[in-house]
Amino acid sequence: MHLFHSLFDNKTLDYDTSEYDFSGLILQQVQNHYPEVTQLDTIHEYMDTSKLFSLGHTVNRELYSTNFYQMFDEVVSNYVSDTGIDILIQRFPSIRFLPPNQDKSGRVLQFHQGRWVGNGLGLYTVWMPFTECFDSNSMQILDLDISREITRDAIRDNWDYETLENICKKYMWPINLKPGQAHLFTQEHLHGNIPNRTNKTRVSIDCRILVRDGQFHRKWPGSYFRPLNRILSKKPKFNESSENIVTYAEYEGSKTHNLDLHYQTLLVKDYCRRAGITFPYQHGENEGFNRLNNLENLVKDTTIDHILMMSIYSLTDNPEHRVDIMRKAISNNIKLHFCNEDMILENEQDLEDVEYLRNFTTDTSDPVVQLQKELNLL
Ligand SMILES: [Fe+2]
19 MHLFHSLFDN
29 KTLDYDTSEY
39 DFSGLILQQV
49 QNHYPEVTQL
59 DTIHEYMDTS
69 KLFSLGHTVN
79 RELYSTNFYQ
89 MFDEVVSNYV
99 SDTGIDILIQ
109 RFPSIRFLPP
119 NQDKSGRVLQ
129 FHQGRWVGNG
139 LGLYTVWMPF
149 TECFDSNSMQ
159 ILDLDISREI
169 TRDAIRDNWD
179 YETLENICKK
189 YMWPINLKPG
199 QAHLFTQEHL
209 HGNIPNRTNK
219 TRVSIDCRIL
229 VRDGQFHRKW
239 PGSYFRPLNR
249 ILSKKPKFNE
259 SSENIVTYAE
269 YEGSKTHNLD
279 LHYQTLLVKD
289 YCRRAGITFP
299 YQHGENEGFN
309 RLNNLENLVK
319 DTTIDHILMM
329 SIYSLTDNPE
339 HRVDIMRKAI
349 SNNIKLHFCN
359 EDMILENEQD
369 LEDVEYLRNF
379 TTDTSDPVVQ
389 LQKELNLL
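In the numbering used here, the protein residues as written are 19 to 396.
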């Protein structure tokens, strides 16, 4: 882990823009909507900047039908490959368009660090600009030592946001980069934005990776992360008139124990909505009664074609039992749908993929609690 800390301690990654023309690809997608735009950093001159925030989402969605993310995986992979450490990469990174004077619409990213926003310390961030970024249009960051010191002072002394912002502004520096470069930092680096007074829009992506055995906290392998160079999600196909579809919920797993039925159901309902089917009959486990007894029954019931469940974490934490349940489903030709990950178990390869994600790390510790303990606050 120390190796990754040094590779991501405010370091710069360089890549060849003639081989990986990310900016060109993004510009192409933008031009599909706004043909008059010739440069990403002047895009605000051609549209109402309130539309720019949603344009980021649209462009990002459309990039999935190009080779953008294949190339992005390659660039990240090249940077970390010498470590020999296995990583997962964020499934849906964010592409952000930051126009000049974003403070006028109340959209200045406050200073924060990863562990405050659900990230375990086994995550590392790749921040890549697609326009030249400098001064106030870039992200502002602090050195690691001072970030750690400020974080501890802020928690120990219960600072308010204003105090945190003011102190961070004393130590921050802008990440000055151009296309062909990315900035790398850990979940302990404090960072944020200030009002952009450069009259140039900044376009960037922020993408997190998770190292093998790393602390992941609220960013689950499978839903938040996928394996590098691989897409595991599948588009489901249902025939409602001829197939038996059911859904299943439980509270036995370490990740599902505190997720009440309403929230589990919402995820499955959204999956059904996207697949264009009605929400099916809901089975459930009897909490505390013979663990996963009902799922055992369901995967043996050959009248069933599909079982929809919230997540790969709805399967038991016991690896042997989990594999046994998946094998029974496969041999009985019952498809298991994991709605949070958009994964479908149909064959042995799918089973291996589920196991790869479930076994990627078992570090379920909490970085927020860790820090409170370190400061003797618990
Ligand atoms: Fe952040």
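Glycine is no exception: its CB is placed at the ideal position from the N, C-alpha and C atoms.
Residues that residue i bridges to, as DSSP identifies them
i	result
residue 145	201, 224
residue 281	The partner list for residue 281 (beta bridge, DSSP) is empty, contrary to what the question assumes.
residue 29	202
residue 266	301, 327
residue 239	243
residue 159	191, 209
residue 361	356
residue 137	235
residue 415	Lying outside 19 to 396, the shown extent of the chain, residue 415 is not represented and no answer is given.
residue 151	195
Residue i Cβ short of 7 Å to ligand 1 heavy atom set
i	result
residue 51	no
residue 135	yes
residue 209	yes
residue 280	no
residue 324	no
residue 130	yes
Residue i - DSSP class collapsed to helix/strand/coil
i	result
residue 290	helix
residue 114	strand
residue 356	strand
residue 170	helix
residue 50	helix
residue 55	coil
residue 376	helix
residue 106	strand
residue 229	strand
residue 295	coil
residue 275	coil
residue 393	coil
residue 101	helix
residue 345	helix
residue 164	helix
residue 184	helix
residue 370	helix
residue 38	coil
residue 407	Shown here, the chain extends from 19 to 396; a query on residue 407 therefore has no answer.
residue 60	helix
residue 256	coil
residue 218	coil
residue 123	helix
residue 24	helix
CB contact check: residue i to chain C, cutoff 8 Å
i	result
residue 270	This model lacks chain C altogether, as it is built from one protein chain only.
Original post:
In the stretch 298-339, which residue ranges form an unbroken beta strand (DSSP E) of at least 3 residues, counting only runs that do not cross its ends?
Top reply: Qualifying beta strand (DSSP E) stretches, in chain order: 299-302, 324-327.
At least three beta-carbon pairs within less than 8 Å, the stretch 361-374 to the stretch 325-340
A contact between stretches requires three or more CB pairs, one per stretch, nearer than 8 Å, and the stretch 361-374 meets this requirement with the stretch 325-340.
Notebook entry, point to check: Is it a yes or a no for the stretch 288-304 touching the stretch 343-353, going by three-plus beta-carbon pairs under 8 Å?
Noted result: Contact between the stretch 288-304 and the stretch 343-353 is absent, because fewer than three Cβ pairs lie under 8 Å.
#### Entry: Within the stretch 64-95, ranges of the alpha helix (DSSP H) (whole runs, at least 4 residues)
Here the runs fully enclosed are 67-81.
>> Counting beta carbon pairs with one atom in the stretch 105-124 and one in the stretch 218-232, are three or more of them shorter than 8 Å?
In response: Yes, since at least three Cβ pairs between the stretch 218-232 and the stretch 105-124 fall closer than 8 Å, the two stretches touch.
TODO: Flag this pair as touching only if the stretch 239-256 and the stretch 217-225 have three or more C-beta atom pairs under 8 Å; answer yes or no.
DONE: Flag = no, the stretch 239-256 and the stretch 217-225 do not touch.
Counting Cβ pairs, one atom from each stretch, are 3 or more of them under 8 Å apart for the stretch 53-65 and the stretch 167-176? Output reads no: the stretch 167-176 does not touch the stretch 53-65.
- prompt: Does the count of Cβ pairs from the stretch 296-316 and the stretch 258-266 closer than 8 Å reach three?
  reply: Result yes; three or more Cβ-Cβ pairs closer than 8 Å.
Exercise. Between the stretch 114-122 and the stretch 205-215, do at least 3 Cβ pairs fall closer than 8 Å?
Worked result: The stretch 114-122 is in contact with the stretch 205-215.
Q. Do three or more CB pairs link the stretch 189-197 to the stretch 131-142 at distances below 8 Å?
A. By the Cβ test, the stretch 189-197 is not in contact with the stretch 131-142, since fewer than three Cβ pairs between them sit closer than 8 Å.
task: Taking 8 Å as the threshold, find out whether the stretch 302-309 comes into contact with the stretch 263-279 through three or more Cβ pairs.
output: Short answer: they touch.
Is the stretch 246-257 touching the stretch 148-161, taking contact as three or more C-beta pairs under 8 Å? No, the stretch 246-257 is not in contact with the stretch 148-161.
Note to self: With a threshold of 8 Å, are at least 3 pairs of Cβ atoms found where one atom belongs to the stretch 37-49 and the other to the stretch 84-96?
What the structure shows: Cβ pair count under 8 Å is three or more, so yes.
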